[in-house]
Amino acid sequence: MLDRRHLMKAIGAGLLATALPPAFGAGPAVIPLWPEGVPGARPELGPNRVDEDGRTTNITEPTLTVYPAAVDRPNGTAVIICPGGGYVRQSTRREGEQYAHWLGTLGITSFVLTYRQQEFGHPAPLRDVLRAVRLVRSQAARFKVQPDRIGVMGSSAGGHLAATAGTLYDHPLGRTGAELDKVSARPDFLMLMYPVIAMEGPAVHAGSRKALLGGSPKAADVELMSPERQVTPQTPPTLLIHTQADQAVPVENSILFYQALTRAKVPAEMYLFEQGSHGMGMRDGLGTASIWPRRAEEWLRARGLLDQAK
3 MLDRRHLMKA IGAGLLATAL PPAFGAGPAV IPLWPEGVPG ARPELGPNRV DEDGRTTNIT
63 EPTLTVYPAA VDRPNGTAVI ICPGGGYVRQ STRREGEQYA HWLGTLGITS FVLTYRQQEF
123 GHPAPLRDVL RAVRLVRSQA ARFKVQPDRI GVMGSSAGGH LAATAGTLYD HPLGRTGAEL
183 DKVSARPDFL MLMYPVIAME GPAVHAGSRK ALLGGSPKAA DVELMSPERQ VTPQTPPTLL
243 IHTQADQAVP VENSILFYQA LTRAKVPAEM YLFEQGSHGM GMRDGLGTAS IWPRRAEEWL
303 RARGLLDQAK
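Using the working numbering, the letters of the sequence shown correspond one by one to residues 3 to 312.
(1) Please report the distance separating the alpha-carbon of residue 107 from that of residue 145.
(2) Start and end of the alpha helix (DSSP H) containing residue 265?
(3) Across the segment 107-121 and the segment 267-280, are there enough close Cβ pairs to call them in contact, namely three or more that are closer than 8 Å?
(4) With DSSP collapsed to three states, give me the class of residue 23.
(5) Can you find the residues in the same chain that come closer than 6 Å, C-beta to C-beta, to residue 92, ignoring five residues on each side of it along the sequence?
(6) Specify the secondary structure class of residue 69 as computed by DSSP and reduced to three states.
(7) Output the boundary residues of the alpha helix (DSSP H) element that contains residue 137.
(8) Counting C-beta neighbours from all protein chains within 10 Å, is the total for residue 103 16 or more, i.e. buried, or is it exposed?
(9) Determine, using beta carbons only, whether residue 189 and residue 152 come nearer to each other than 9 Å.
(10) Quick one: what's residue 154 bridged to in DSSP?
(11) Could you round the C-beta distance between residue 137 and residue 66 to whole angstroms and report it? I think they count as a contact, below 8 Å.
(12) Return yes when the Cβ of residue 173 is within less than 9 Å of the Cβ of residue 199, no when it is not.
(13) For a minimum of 4 consecutive residues, which ranges assigned as the alpha helix (DSSP H) are wholly contained in the segment 170-221?
(14) Contact check, residue 175 vs residue 214 under 8 Å by CB: the rounded distance?
(15) Taking just the CA atoms, how far does residue 169 sit from residue 179?
(16) Please return the same chain residues whose Cβ sits closer than 6 Å to the Cβ of residue 297, not counting the five positions on each side in sequence.
(17) So, with DSSP's three-state summary, where would you put residue 163?
Printed below as a string of structure tokens:
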């Protein structure tokens with residue numbers, strides 16, 4: 003967990019203060035994750051691209067978009083949101099902005115992460131999500147959140163990224179030598195929507211694995227990036243949502259992670275619904291799966307994450 007000495011060093015380094023706009027609180031603000039320069043930058047690829055459906059591709063400049071809580075008194079909880087898209091694209095609107103607006107009604111401040119993907123490959127996405135946790139934690143007072151109430155939420159491949167944040171938060175690959183590396187990157191909780199978990203076997207989502215690890219990945223990389231194999235008792239409490247009807251990412255992915263959490267005695271809750279297609283987000287017409295936001299709210303409340311911070 004963050005201590006005061008590391009917090010002051012991170013702030014004093016000046017890397018974050020220059021990235022945050024003075025008008026924070028006036029609306030969604032976009033913050034560069036790496037104001038000092040993206041590790042392994044590829045300027046020849048050009049800027050990030052967003053299509054008319056709100057999908058982001060060609061991500062060369064990772065960012066956080068800030069959505070302040072939509073109530074008068076934020077409760078102090080923060081959620082970093084990782085949209086899905088197979089490490090090829092990101093459904094920023096459907097699995098990012100829409101989640102952020104919903105969480106805002108619960109008093110939660112959200113940060114939609116735009117992370118690097120197939121153009122960079124492993125370990126760039128992991129570094130981006132861990133950098134996001136460190137950045138938010140180091141600037142907790144400015145964002146009006148508690149440094150011990152920072153969660154990561156992800157859908158599909160974004161769920162895989164969130165799960166790796168919860169299992170590899172202290173791994174050397176997640177550090178770049180920056181001063182901010184001294185801030186804890188451990189999320190305090192995870193919310194995983196139909197996540198990619200398995201990197202091999204019958205439940206694997208082959209497209210996500212190829213985009214992240216390449217066509218012929220090393221066995222060591224497959225092992226490391228299989229979150230169900232990296233769970234420890236220190237893995238954060240986790241909520242899992244999935245459907246039996248998911249034809250893209252088999253429901254066994256969530257089951258594998260839940261079983262690993264249970265073996266490690268990590269608090270976990272899982273809701274499996276019969277109907278609901280992959281990428282369902284917060285769409286209407288999902289049958290019984292339409293109730294998932296209520297179940298998620300109940301889970302957050304039961305863990306004290308919707309209580310007003312003292």
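Beta carbons are placed, not taken as given, at the ideal position from N, Cα and C, and that holds for glycine.
Computed from a predicted model, the values in this text were never measured in an experiment.
In this structure, then:
(1) 16 Å
(2) 254-265
(3) no
(4) Because the pLDDT at residue 23 is just 41, under 50, the model does not fix this residue reliably, and the value given afterwards should be weighed accordingly. In this structure, residue 23 counts as coil in the three-state DSSP scheme.
(5) 58 and 85
(6) strand
(7) 126-140
(8) exposed
(9) yes
(10) 82 and 192
(11) 7 Å
(12) no
(13) 208-215
(14) That belief does not hold up - the Cβ atoms of residue 175 and residue 214 are roughly 13 Å apart, past 8 Å.
(15) 20 Å
(16) 273
(17) helix
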